[in-house]
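Numbering (our numbering), first residue to last: 7 to 647.
Note that beta-carbon positions come from the ideal geometry of N, C-alpha and C, so glycine has one too.
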């Protein structure tokens, strides 16, 4: 996908699929329609129910919802909760595993109230719970996870208030499991449980020896941030036994990293954890649960590999390895099978939301052209560049490329030394880009392209200016080079002729995306269509439901995006309806967050305008309009219209 110039013949939907890999990263929830529009399949068990994403955008535009916007598909969210629970239940039944699956959703992956509500609602039938890693998340979990059979797993470092909140949960009959991450937390918990006269449910987190694979492999190993060594686990058990709390130790927890790319790391972790579990069980530690943590990966780039943005396994294989791994170890040691807990937040939420924005302009490396008309006494470098451009043909393109590259370097040096004038360097630049454009036209239909000429499409690639902020909507793309699928919403039945990177509307030069799904590795550009002045061109950034929804900051004071919640509905002509619209940040709201007072800002500007009116520099009617405009801006959307 590094080039859009080497495809021959009529463009097909199959070509689009090969280019954008929608089915491969879409996990069954996205497809390309015959119309060339991107389709959403919101329910995993109803493949014939399809929603046209372009029709959603049309309805949003007709009702005045401004872009960029988050489009959230709650049916996909519910489907993923069902799918992971049913997969575990099916494998447990097929293998005669004697424990149950009691999963939890980590609130940190997406703390949005609407997301938590949907997960808790659909999860009730499976006793699917929540995981909290901070006091605010615990406050939310206690209010929303009301199912007395579902677990509330508490991770992260804890102070006294955190532990008191947890014990409050025990007081009201919730299965709140306090995972001890640091040994000192245990003494504090024992003291508070005695003071409040409540018996806690205690979990112990293992500091695993095995390491994960991918960007987060440091989550385990000797230098891991969380967890107890084997010695600390044994000491904790001894302390609990002395305090008559041994029966409270019910869960063993481990976590080797988010986005685990290689199934071998999971197998190795299961082996280590199962060995520890069976030995503790033989010591009569009454463990009921084994928490395998998070890490179930998403295939962001559709490569089904061990790339950082992919994985070499699917949900079925992941579940099978966990269940059979524990079953085999427990059976060998004649130990009861534990209930299995997982914290697979990324896999639950990633697919259910996307960011849709409009491309509002193009930045081409050549800029605007300058007249290349020959001038008397011009420098030989300019003359040579013109001769090459004019003499280019089907036989000289490779030699021409080499020559213009050399002449360009010479021109730069000559300009620095004051040898070339401004006009001459402008002519040289224009002739250089014209020559590259013409060479690209020649090589487009060649069966074989010389290696050095393969860089031409990238040299000619444009930057498409899109109405969004990378820092708000794609934080991982900027911070850790996470590849997120980016696809045109329409025209997928037409050949894309522009190789592009994306730049956002922030004033920061880092506000760009230049890592995309590639053929064999990460590509520096994505094929997109030529912009038209009389037609909106929308693109979607997908798999943003995990972390990206909630990690955005206030960079440039853009704030949160407008958001629409979509539900499928068979009886509707378009098979969907917009269930809710959540307004994004207004200018006055983001300014208030940063301690500005919008009313005072407006008053200050009004005073300045009034002064100019008194001085006769602004007419009264114009002044009133300027004040109204300023106040309207304060209440308006932060992004471009």
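Residues near residue i in its chain [Cβ-Cβ closer than 6 Å; skip 5 each side]
{"i": "residue 586", "result": "571"}
{"i": "residue 432", "result": "376"}
{"i": "residue 205", "result": "254"}
{"i": "residue 35", "result": "47, 82, 357"}
{"i": "residue 30", "result": "308"}
{"i": "residue 612", "result": "633"}
{"i": "residue 339", "result": "284"}
{"i": "residue 447", "result": "none"}
{"i": "residue 522", "result": "529, 532"}
{"i": "residue 73", "result": "363, 364"}
{"i": "residue 279", "result": "260"}
Cβ-Cβ separation, residue j to residue i (assumed contact under 8 Å), whole Å
{"i": "residue 564", "j": "residue 645", "result": "6 Å"}
{"i": "residue 293", "j": "residue 283", "result": "6 Å"}
{"i": "residue 721", "j": "residue 139", "result": "Outside the shown range of the chain, which is 7 to 647, sits residue 721, and nothing can be said about it."}
{"i": "residue 556", "j": "residue 519", "result": "With a Cβ gap of about 19 Å, residue 556 and residue 519 do not count as contacting."}
{"i": "residue 184", "j": "residue 209", "result": "7 Å"}
{"i": "residue 654", "j": "residue 327", "result": "Here the chain has residues from 7 to 647 only, and residue 654 is not among them."}
{"i": "residue 57", "j": "residue 581", "result": "5 Å"}
Beta-carbon proximity list for residue i, same chain, < 8 Å, skipping 5 on both sides
{"i": "residue 59", "result": "43, 44, 45, 46, 77, 362, 495, 546"}
{"i": "residue 619", "result": "625, 626, 629"}
{"i": "residue 329", "result": "94, 97, 98, 101, 103, 346"}
Residue i versus residue j - alpha carbon distance
{"i": "residue 382", "j": "residue 423", "result": "21 Å"}
{"i": "residue 579", "j": "residue 399", "result": "55 Å"}
{"i": "residue 346", "j": "residue 53", "result": "30 Å"}
{"i": "residue 367", "j": "residue 539", "result": "10 Å"}
{"i": "residue 659", "j": "residue 169", "result": "Residue 659 falls outside the range modelled here, since the chain spans only 7 to 647, and no answer is possible."}
{"i": "residue 335", "j": "residue 98", "result": "15 Å"}
{"i": "residue 513", "j": "residue 597", "result": "18 Å"}
{"i": "residue 419", "j": "residue 390", "result": "16 Å"}
{"i": "residue 296", "j": "residue 265", "result": "20 Å"}
{"i": "residue 359", "j": "residue 552", "result": "9 Å"}
{"i": "residue 484", "j": "residue 491", "result": "14 Å"}
{"i": "residue 71", "j": "residue 591", "result": "13 Å"}
{"i": "residue 24", "j": "residue 289", "result": "55 Å"}
{"i": "residue 19", "j": "residue 498", "result": "7 Å"}
{"i": "residue 549", "j": "residue 120", "result": "17 Å"}
{"i": "residue 33", "j": "residue 84", "result": "14 Å"}
{"i": "residue 247", "j": "residue 196", "result": "12 Å"}
{"i": "residue 623", "j": "residue 373", "result": "39 Å"}
{"i": "residue 486", "j": "residue 165", "result": "31 Å"}
{"i": "residue 245", "j": "residue 87", "result": "38 Å"}
{"i": "residue 599", "j": "residue 348", "result": "36 Å"}
{"i": "residue 437", "j": "residue 413", "result": "11 Å"}
{"i": "residue 191", "j": "residue 238", "result": "12 Å"}
{"i": "residue 621", "j": "residue 603", "result": "28 Å"}
{"i": "residue 2", "j": "residue 304", "result": "Beyond the ends of the chain as shown, which are 7 and 647, falls residue 2; an answer cannot be given."}
{"i": "residue 350", "j": "residue 40", "result": "34 Å"}
{"i": "residue 638", "j": "residue 631", "result": "10 Å"}
{"i": "residue 132", "j": "residue 152", "result": "13 Å"}
{"i": "residue 300", "j": "residue 27", "result": "26 Å"}
{"i": "residue 407", "j": "residue 317", "result": "40 Å"}
Other residues of its chain near residue i: CB distance less than 7 Å, five sequence neighbours each side excluded
{"i": "residue 430", "result": "384, 385, 388"}
{"i": "residue 554", "result": "479, 480, 481, 482"}
{"i": "residue 281", "result": "335"}
{"i": "residue 325", "result": "93, 94, 97"}
{"i": "residue 642", "result": "592, 593"}
{"i": "residue 609", "result": "none"}
{"i": "residue 333", "result": "101, 103, 343"}
{"i": "residue 234", "result": "186, 189, 210, 211, 212, 213, 242"}
Distance cut-off 7 Å: residue i Cβ against heavy atoms of the ligand NAD
{"i": "residue 294", "result": "For the ligand NAD, the structure offers nothing, since it holds no ligand at all."}
Residue-level contact to chain D via CB, residue i, 8 Å cutoff
{"i": "residue 466", "result": "Given the protein chain composition of this structure (a single chain), no chain D is represented."}
Report the residue ranges of all beta strand (DSSP E) runs contained in full by the stretch 511-570; include only those spanning at least 3 residues, in chain order. 532-534, 544-547
Does the stretch 372-381 come within contact of the stretch 102-113, defined as at least 3 CB pairs closer than 8 Å? no
Answer yes if the stretch 168-182 comes into contact with the stretch 132-152, meaning at least three C-beta pairs across the two stretches below 8 Å, and no otherwise. yes
Does the stretch 464-474 come close enough to the stretch 491-507 to have 3 or more Cβ pairs within less than 8 Å? yes
Assess, as a yes-or-no matter, whether the stretch 121-137 is touched by the stretch 153-160 under the definition of 3 or more beta carbon pairs within less than 8 Å. Taking 8 Å as the limit for Cβ pairs, the verdict is that the stretch 121-137 does touch the stretch 153-160.
Mind the definition here: the stretch 523-539 touches the stretch 432-447 only if three or more C-beta pairs lie below 8 Å; say whether that holds. no
Those runs of the beta strand (DSSP E) which lie wholly inside the stretch 409-487 and span at least 3 residues: The stretch 409-487 contains these whole beta strand (DSSP E) runs: 468-472.
Can you give, in chain order, each stretch of the alpha helix (DSSP H) that sits fully within the stretch 344-389 and has at least 4 residues? 351-355
Do the stretch 246-261 and the stretch 311-328 meet, that is, are 3 or more Cβ pairs less than 8 Å apart? no
Ranges of the beta strand (DSSP E) found wholly within the stretch 35-90, counting only runs of at least 3: 36-38, 44-46, 75-79
If you scan the stretch 314-347 from start to end, which runs of the beta strand (DSSP E) of 3 or more residues do you find wholly inside it? 345-347
Please specify which runs of the beta strand (DSSP E), each continuous and at least 3 residues long, are wholly inside the stretch 566-614, giving them in chain order. 568-574, 582-588
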